[in-house]
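There are 2 protein chains.
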Amino acid sequence: MKKSIRLLITDDHPVVRAGLEGMLSRQPDMEVVGEAGDGAEAVEIAERLQPDVVLMDLRMPEMDGVAATQKIKAVRPETQILVLTTYDSDADILRAVEAGATGYLLKDAPREELYEAVRAASQGKVLFAPAVADKLMRRIREPRRDTLSHREIEVLSFVRRGLSNKEIARSLHVSEATVKTHLIHVFKKLGVEDRTAAVSVALERGILQLNR
Amino acid sequence: MKKSIRLLITDDHPVVRAGLEGMLSRQPDMEVVGEAGDGAEAVEIAERLQPDVVLMDLRMPEMDGVAATQKIKAVRPETQILVLTTYDSDADILRAVEAGATGYLLKDAPREELYEAVRAASQGKVLFAPAVADKLMRRIREPRRDTLSHREIEVLSFVRRGLSNKEIARSLHVSEATVKTHLIHVFKKLGVEDRTAAVSVALERGILQLNR
DNA sequence: GAAGTCATCAACCGATCGGTTGACGCTTAA
DNA sequence: TTAAGCGTCAACCGATCGGTTGATGACTTC
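Protein sequences, first through last, are from chains A and B. Numbered according to our numbering, the first sequence spans residues 77 to 288. Numbered according to our numbering, the second sequence spans residues 77 to 288.
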């Protein structure tokens with residue numbers, strides 16, 4: 077008899093946890109050993125139960141999926157993290173991969189795709205949802221002109237809140253000229269022509285978040 | 077023996093459908109008679125199976141939850157629609173209620189809350205998640221200064237895409253002065269001082285959507 | 001040590017934006 | 001019918017923005 081894959085499910089929605097639990101525990105070669113409702117809980121339980129694969133949501137209270145992934149990987153690198161989320165923004169995908177995720181699935185994936193992904197992850201194989209793989213490929217092909225620096229993102233986040241260049245300059249203790257320079261760079265990188273479109277594109281790509 | 081509540085589950089995520097199915101069909105007084113993956117399917121199945129309560133997601137391909145709710149209510153008004161979604165934007169809530177939803181729950185609701193909501197809905201009782209009720213109350217208390225007219229929303233959606241006033245004027249076949257007037261009104265209604273903040277606030281409140 | 005990126009600043013330009021005031025016709029609600 | 005809201009437009013103003021050129025120093029990377 078094959079040893080079954082020990083799973084930890086992490087998601088802040090009880091409905092989703094129940095769904096995953098039901099679907100996965102019915103597979104003969106899988107076993108759900110725990111559930112967590114936020115990132116902090118996931119880290120704690122993963123350490124205690126040492127699952128083979130952690131299914132990880134990204135947006136959660138307390139600690140988000142990326143941070144939790146990093147912590148789990150730091151403590152026990154052989155734990156495989158399979159990100160399962162609604163969001164397919166470039167920024168989310170990249171951050172998850174950088175944090176050490178073994179795979180990236182979208183929640184609208186059909187059941188079979190999910191099973192396969194869990195099995196692949198348990199063997200350390202890297203597997204992405206087709207839509208996600210697409211995004212990654214495109215990102216690699218076109219030289220990423222949209223890698224904003226920290227400062228640029230910081231300035232853009234003030235723009236999002238409706239501050240003028242002058243106000244941003246005061247907030248950051250730099251001159252207005254500096255703010256303008258940053259923004260011009262942002263426009264070029266994002267391929268837009270004004271601040272409003274820049275904010276819009278940044279939100280779409282997940283460079284900025286809607287809440288705060 | 078009490079007659080059990082006949083349920084139709086509508087959600088584009090297989091995982092969520094499985095979760096709801098598992099949780100609800102385990103309740104002695106409930107029975108899941110069908111599942112739908114989009115709005116169009118929901119309308120079709122609801123007509124055929126005549127469920128007591130339809131659990132309805134809002135954002136779905138083909139036909140969104142609001143449209144599906146309207147159609148189902150039009151054909152068979154005694155069907156109770158319980159909206160179950162991730163989004164709690166004012167605009168979403170209002171549109172759902174206007175379409176005839178009997179209740180509005182968020183997906184992060186605990187199991188018990190869900191069970192109660194289904195039972196309440198089956199009797200035609202109106203039930204909202206606490207967070208949702210909060211939003212509705214606040215909306216009623218503060219005179220809604222932010223009810224944008226159709227035209228204003230239209231103009232704002234062009235602004236979001238980064239068009240200048242002149243370009244918007246051309247697109248809508250009106251003068252630039254008109255566009256400016258609309259925008260000034262938008263700023264006042266949303267309580268902001270420039271176009272970028274207006275877009276940002278509109279996105280937060282669900283007046284504009286990120287995609288398209 | 002050269003090349004590249006990043007953050008910083010200055011001075012200047014024309015275009016655009018935000019705001020005001022005032023106006024007209026239309027429809028809906030009070 | 002009076003009021004209110006909507007959509008349309010004009011003319012005008014000062015402030016802001018987008019863009020350019022050019023420059024400096026710090027820090028990596030090769």
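We treat Cβ as the ideally placed atom computed from N, Cα and C, and that holds for glycine.
- Beta-bridge analysis with DSSP links B/Met132 to B/Thr86, B/Val159.
- The CB of A/Arg237 comes closer than 9 angstroms to the CB of Thr272, Ala273, Ser276 in chain B, given here in chain order.
- Proximity of the region 148-168 of chain A to the region 180-200 of chain A meets the contact definition, three or more beta-carbon pairs being nearer than 8 angstroms.
- Between A/Thr162 and the set A/Met139, A/Ala205, A/Val108, A/Gly176, the nearest pair of CA atoms involves A/Ala205.
- The C-beta of A/His258 has 16 or more other C-beta atoms within 10 Å across all chains shown, which makes the residue buried.
- Residues of chain A with a Cβ closer than 9 angstroms to the Cβ of B/Met99 are, in chain order, Pro90, Val91, Ala94, Gly95, Gly98.
- In the three-state reduction of the DSSP assignment, B/Glu123 falls in the helix class.
- Residues of the region 160-189 of chain A with a C-beta less than 7 angstroms from any C-beta of chain B: Lys183, Asp184, Pro186, Arg187, listed in chain order.
- B/Leu182 sits in a strand when the DSSP states are folded into three classes.
- Taking B/Ile81 as the centre and dropping the five residues before and after it, the same chain places the C-beta of Asp105, Met106, Glu107, Asp128, Val129, Val194, Arg195, Ser198 closer than 8 angstroms to its C-beta, in chain order.
- B/Gly110 has B/Leu84 as its beta-bridge partners, per DSSP.
- Distance from B/Val255 to A/Gly238 at the Cβ level is roughly 19 angstroms; contact not present, criterion being Cβ atoms closer than 8 angstroms.
- Taking C-beta separations shorter than 7 angstroms and ignoring five residues to either side along the sequence, the partners of A/Leu286 in its chain run Leu279, following chain order.
- In the DSSP annotation of this structure, the continuous segment of the alpha helix (DSSP H) that includes B/Leu259 starts and ends at 252-266.
- Closer than 8 angstroms to the CB of B/Val268 there is at least one CB belonging to chain A.
- Counting of Cβ neighbours within 10 angstroms places A/Val119 among the buried residues, the total reaching 16 or more.
- As computed with DSSP, B/Phe234 is found in no beta bridge at all.
- Closer than 8 angstroms to the CB of A/Leu224 there is not a single CB belonging to chain B.
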